[in-house]
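S.K.:
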Amino acid sequence: MKWIACAAFGMEGMTGRDLKRMGMKDVRVLDVGGATFEGSYADAFRANLWLRTCDRIMRVMAQFEARTFEELFQGIRAVEWEKMLPEDARFPIRAKCVRSQLMSPSDVQKIGKRAMVERMKSAYGRDWFDETGALFQIDVSIRNDVVTVCVDASGEALSRRGYRTWNGEAPLRETLAAALVLQSGWHPWQPLYDPCCGTGTILIEAAFIALNRAPGLTRRFAMESWPVVARNYEEIESIRREARLKFEEGLKRPLNVAGSDINPEAIELARRHVRQAGLEGRIQLEVRDLRDVTLSGEPGVFIANPPYGERLDNARAAHAVAKQLGRLQERNPGWTLCAFSADMGFERAYGRRATRRRRYYNGRIECEYRIFEASEVH
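Per the working numbering, the sequence shown runs over residues 5 to 382.
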């Protein structure tokens, strides 16, 4: 079976590398949208469980060209839906159209639903479907007149790890936080410190990576309710048990991950999230002004998602924070500092140019991830 591991802009390559490390077959990184791979239902479950920068896993049911609604109808009707969907399946359709002849998502939804119902009628010999059973979320995407029809195997987005139930101001998605850690150059044996930690997402994702904790360990996925997957329940549970054992072993490792924030309410939320992530006592948190952060011991990596003008509507304050981050690196020689911000004047306020840059989106805001290597500090 062919699957798509959907990923946001800038994270496609990381998702593809993770799939290859997991031993998935025929991994191909897409220009936009993630990476594809070949595998079984068990492989898709492992991808749901372990991928850190992926938004969702989709099973590809068909790909074909369509420039008319009739071609769309016939293409979707030709899929052997009865081999996957039981009679009582719920199968809502969502649609997306980009640079194509067919550019009405609502019409694509209607045509797709009618095509699936006609196929199911023929297969099951009935005229009505109550749709009271397992959920099969159908995704119809049309780009450059090429239709890709998928079934969502994840359910809730994979960024929903389950540990974050309270959000502070402008929260960072878990998948994006993991990407910032992975791109920082940090190694798990090094110290990592977030001086603007907010509710703790970057710190928790770093700890998950260091302790070999599967990001999806404590949540369920849509595919687990599919009858075709439920028949192999023991295989799925064995994969989850193996992941739990890896985390238990990982908890025996030393971990030097810590953070601070000037906002006491944010730190209180961070402590709750750390506890819910099963990491109580492993991540050090305190209320501290950025200007007071000076660390002793071996140098490591600072990762910060500071306030920036577009997000908090206060560009002057954003520049002031950037300036203080520059001074933070000066006070801590040997440390690399990574900052994620939409502030175009960040480097000028910081006091030097970044060694490396990567572009990501935080929601709809285009941001730049700037990495200031220790060697750049004079």
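Virtual Cβ for every residue (Gly too), placed ideally from N, Cα, C.
(1) Between the segment 193 to 210 and the segment 346 to 354, can you find at least three pairs of beta-carbon atoms closer than 8 angstroms?
(2) Thr-179 by DSSP, collapsed to three states: which one?
(3) Return the first residue and the last residue of the alpha helix (DSSP H) that Asp-22 is part of.
(4) Report the three-state DSSP secondary structure of Glu-91 (helix, strand or coil).
(5) Rounding to the nearest angstrom, what Cα-Cα distance links Ala-326 and Ala-39 in this structure?
(6) Can you have a look at His-191 and say buried or exposed, based on whether 16 or more other CB atoms are within 10 angstroms of its CB?
(7) For Ala-11, count neighbouring Cβ atoms within 10 angstroms of its own Cβ and tell me buried if that reaches 16, exposed if not.
(8) If you drop the 5 nearest sequence neighbours on each side, which residues of the same chain put their C-beta closer than 6 angstroms to that of Ala-214?
(9) With distances taken between CB atoms, is the gap from Asn-366 to Leu-207 smaller than 9 angstroms?
(10) If you measure between the beta carbons of Val-112 and Leu-53, is that distance less than 9 angstroms?
(11) So Glu-75 is in the alpha helix (DSSP H); what residue range does that whole segment cover?
(12) What residue range does the alpha helix (DSSP H) around Asn-52 cover?
(13) Out of curiosity, what's the CA-to-CA distance linking Tyr-167 and Ser-229?
(14) Out of Ala-218, Met-88, Glu-272, point me to the one whose CA is closest to Lys-250's CA.
(15) With which residues is Cys-101 paired in a DSSP beta bridge?
(16) To the nearest whole angstrom, what separates the beta carbons of Glu-135 and Phe-95, a pair I think is in contact under 8 angstroms?
(17) CB-CB under 8 angstroms to Leu-23, same chain, minus the five flanking residues each way: which ones, in chain order?
(18) Could you have a look at His-382 and say whether DSSP puts it in helix, strand or coil?
(19) Once you ignore the five residues that flank Arg-357 on each side, which residues in its own chain have a CB closer than 6 angstroms to its CB?
(20) Check whether the Cβ atoms of Val-144 and Val-150 lie closer than 9 angstroms to each other.
(21) Which residue or residues does DSSP assign as beta-bridge partners of Thr-340?
(22) CB Pro-90 to CB Ala-138, shorter than 9 angstroms?
(23) When DSSP labels each residue in this structure, what does Phe-68 get in the three-state scheme?
(24) What separation, rounded to the nearest whole angstrom, lies between the Cα atoms of Arg-361 and Tyr-373?
(25) Between the alpha carbons of Leu-106 and Asp-35, how many angstroms are there, rounded?
(26) Only counting the same chain, and skipping five residues up and downstream in sequence, which positions put a Cβ closer than 8 angstroms to that of Glu-253?
(27) Please give me, in chain order, every unbroken run of the beta strand (DSSP E) with length at least 3 that falls completely inside the segment 241 to 276.
(28) Just confirm the distance between the C-beta atoms of Cys-342 and Ile-307, as a whole number of angstroms; I'd bet it's less than 8 angstroms.
(29) With Tyr-354 as the anchor, note down where its alpha helix (DSSP H) starts and where it stops.
(30) Indicate the three-state DSSP secondary structure (helix, strand or coil) for Tyr-128 in the structure shown.
(31) Compare the beta carbon distance of Thr-57 and Met-26 with 9 angstroms and say whether it is the shorter of the two.
(32) Just reading off the alpha helix (DSSP H) that Arg-235 is part of, what are its end residues?
(33) State the Cα-Cα distance for the pair Gly-220 and Trp-132, rounded to the nearest angstrom.
(34) Could you check if Asn-336 is buried or exposed, using at least 16 other CB atoms within 10 Å of its CB as the buried criterion?
(35) Between the Cα of Leu-332 and those of Leu-196, Leu-299, Phe-212, Ala-46, spot the shortest distance and give me the residue it belongs to.
(36) For Ile-115, I'd like the list of residues in its chain whose CB is within less than 8 angstroms of its CB, leaving aside the five on either flank, ordered along the chain.
M.R.: Per the coordinate set shown:
(1) no
(2) As a first step, residue 179 is located in the sequence shown; it is residue number 175 there, counting from the start. Residue state, collapsed to three classes: helix.
(3) Position 18 of the sequence shown, counting from 1, holds the residue named residue 22. Counting along the chain, the alpha helix (DSSP H) containing Asp-22 begins and ends at 16 to 25.
(4) Here residue 91 refers to the residue found at position 87 of the sequence shown. Correct three-state label for Glu-91: coil.
(5) Sequence index remark: in the sequence shown, residue 326 carries index 322 (1-based). Sequence index remark: in the sequence shown, residue 39 carries index 35 (1-based). Distance between the alpha carbons of Ala-326 and Ala-39: 35 angstroms.
(6) Position 187 of the sequence shown, counting from 1, holds the residue named residue 191. With fewer than 16 other Cβ atoms within 10 Å, it is exposed.
(7) Indexing the sequence shown from 1 puts residue 11 at position 7. Answer is buried; the Cβ neighbour count reaches 16.
(8) As a first step, residue 214 must be located in the sequence shown, where it is residue number 210. Apart from the 5 residues on each side of it in sequence, Ala-214 sits with its Cβ closer than 6 angstroms to the Cβ of Pro-192, Leu-259 in its chain, given in chain order.
(9) The sequence position of residue 366 within the sequence shown is 362, counting from 1. The sequence position of residue 207 within the sequence shown is 203, counting from 1. Cβ distance not < 9 angstroms, so Asn-366 and Leu-207 don't count as in contact.
(10) To locate residue 112, count along the sequence shown from 1; it is residue 108. To locate residue 53, count along the sequence shown from 1; it is residue 49. For Val-112 and Leu-53, no; Cβs fall outside 9 angstroms.
(11) Locating residue 75 in the sequence shown gives position 71, counting from the first residue. 73 to 81 is the extent of the alpha helix (DSSP H) around Glu-75.
(12) Position 48 of the sequence shown holds residue 52. Secondary structure note for Asn-52: its alpha helix (DSSP H) is the uninterrupted segment 45 to 54.
(13) Numbered from 1 along the sequence shown, position 163 holds the residue referred to as residue 167. Numbered from 1 along the sequence shown, position 225 holds the residue referred to as residue 229. About 22 angstroms.
(14) To locate residue 250, count along the sequence shown from 1; it is residue 246. The residue with the shortest Cα to Cα distance from Lys-250 is Ala-218.
(15) Here the question's residue 101 lines up with position 97 in the sequence shown. Answer is Ile-146, bridged to Cys-101.
(16) Within the sequence shown, numbered from 1, the residue matching residue 135 stands at position 131. Within the sequence shown, numbered from 1, the residue matching residue 95 stands at position 91. With a Cβ gap of about 7 angstroms, Glu-135 and Phe-95 count as contacting.
(17) Looking up residue 23 in the sequence shown gives position 19. Answer for Leu-23: Ala-9, Val-31, Ala-39, Phe-41, Ala-51, Leu-55, listed in chain order.
(18) The count along the sequence shown starts at 1 and reaches residue 382 at position 378. Its pLDDT being 46, under 50, His-382 is placed unreliably in this model, and the value from its coordinates should be taken loosely. In the structure shown, His-382 sits in coil (DSSP, three-state: anything other than H, G, I, E or B).
(19) Taking the sequence shown and counting its residues from 1, the one referred to as residue 357 is at position 353. Correct list, in chain order: Glu-351.
(20) The sequence position of residue 144 within the sequence shown is 140, counting from 1. The sequence position of residue 150 within the sequence shown is 146, counting from 1. No, they are not a contact pair.
(21) In the sequence shown, residue 340 corresponds to position 336, counting from 1. In the DSSP output, where bridge partners are listed per residue, Thr-340 has Val-305.
(22) Here residue 90 refers to the residue found at position 86 when the sequence shown is read from its first residue. Here residue 138 refers to the residue found at position 134 when the sequence shown is read from its first residue. Yes, Cβ-Cβ distance for Pro-90 and Ala-138 is below 9 angstroms.
(23) For the purposes of this step, residue 68 is identified with residue 64 of the sequence shown, where counting begins at 1. Here Phe-68 sits in strand by DSSP.
(24) For the purposes of this step, residue 361 is taken as residue 357 along the sequence shown, with counting starting at 1. For the purposes of this step, residue 373 is taken as residue 369 along the sequence shown, with counting starting at 1. Cα to Cα, the separation comes out at about 5 angstroms.
(25) Taking the sequence shown and counting its residues from 1, one reaches residue 106 at position 102. Taking the sequence shown and counting its residues from 1, one reaches residue 35 at position 31. If you take the alpha carbons of Leu-106 and Asp-35, they lie about 22 angstroms apart.
(26) One-based indexing of the sequence shown puts residue 253 at position 249. Asn-216, listed in sequence order.
(27) 261 to 265
(28) As a first step, residue 342 must be located in the sequence shown, where it is residue number 338. As a first step, residue 307 must be located in the sequence shown, where it is residue number 303. Correct: roughly 5 angstroms between the Cβ atoms.
(29) The sequence position of residue 354 within the sequence shown is 350, counting from 1. Per DSSP, the unbroken alpha helix (DSSP H) holding Tyr-354 starts and ends at 350 to 354.
(30) Position 124 of the sequence shown, counted from the first residue, corresponds to residue 128. DSSP places Tyr-128 in helix when its eight states are reduced to three.
(31) Numbered from its first residue, the sequence shown carries residue 57 at position 53. Numbered from its first residue, the sequence shown carries residue 26 at position 22. No; because the gap between Cβ atoms is not below 9 angstroms, this pair is not in contact.
(32) By one-based count along the sequence shown, residue 235 stands at place 231. Note, Arg-235: premise wrong, no alpha helix (DSSP H); not H, not E.
(33) Residue 220 sits at position 216 when you count from the first residue of the sequence shown. Residue 132 sits at position 128 when you count from the first residue of the sequence shown. One C-alpha to the other measures close to 36 angstroms.
(34) What you label residue 336 is simply residue 332 of the sequence shown in a count that begins at 1. The residue is buried, with at least 16 neighbouring Cβ atoms inside 10 Å.
(35) Counted from its first residue, the sequence shown places residue 332 at position 328. If we check each option's Cα against that of Leu-332, Leu-299 comes out closest.
(36) Taking the first residue of the sequence shown as 1, we reach residue 115 at position 111. Phe-73, Leu-76, Phe-77, Ile-80.
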